[in-house]
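What follows is a single structure, written as structure tokens, with notes after it.
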Amino acid sequence: MAAWQRSSRALLGSEQTRPPFAPGAALVSAQAHGIELAPESNTSEATWWDGLLKAVPKKKVSHSRKAMRSANKGLKDRTDFVHCPACGTPKLAHHICKSCYSDIAREQKAAKRAEAAAQPEVR
């Protein structure tokens, strides 16, 4: 539809009237209203429709063909997994291991609680 609107604007210029649907009728209508046509619009109706008709698929794409075409669009395998040298669990390269981080965080929280309990309250 957008291609038809663009081509009708090119044929009819800046006039806001809506042309009939058929391009041949649009040419006749434009000439009847006294609108000058662009020099490149003097081509035959068959060549004008050539570009529009070739852009449409002739048949529905089958499920198997669609699946074959989209088979290469899958997710790639990750290669940046390594084993943690401390605990041996899999982790991302250049990242902290989750289990080691939770152990360290738990120890730090326990140390802060012990330190806070050892200090007397100052008012």
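Numbering-wise (the numbering used here), the sequence shown opens with residue 26 and increments by one. We treat Cβ as the ideally placed atom computed from N, Cα and C, and that holds for glycine.
Between C122 and A111, the C-beta gap is smaller than 8 angstroms, which places the two residues in contact. Counted as a single uninterrupted DSSP element, the stretch harbouring H119 is not any beta strand (DSSP E), since DSSP gives it neither H nor E. Counting along the chain, no alpha helix (DSSP H) covers A96, and no H or E run does either. As a beta-bridge residue in DSSP terms, V107 pairs with K116.
With contacts defined by Cβ atoms closer than 8 angstroms, D105 and A118 form a contacting pair. Around the beta-carbon of K116, 16 or more other beta-carbon atoms lie within 10 Å, marking it buried. In its own chain, leaving out the 5 sequence neighbours on each side, no residue places its CB closer than 6 angstroms to the CB of R94.
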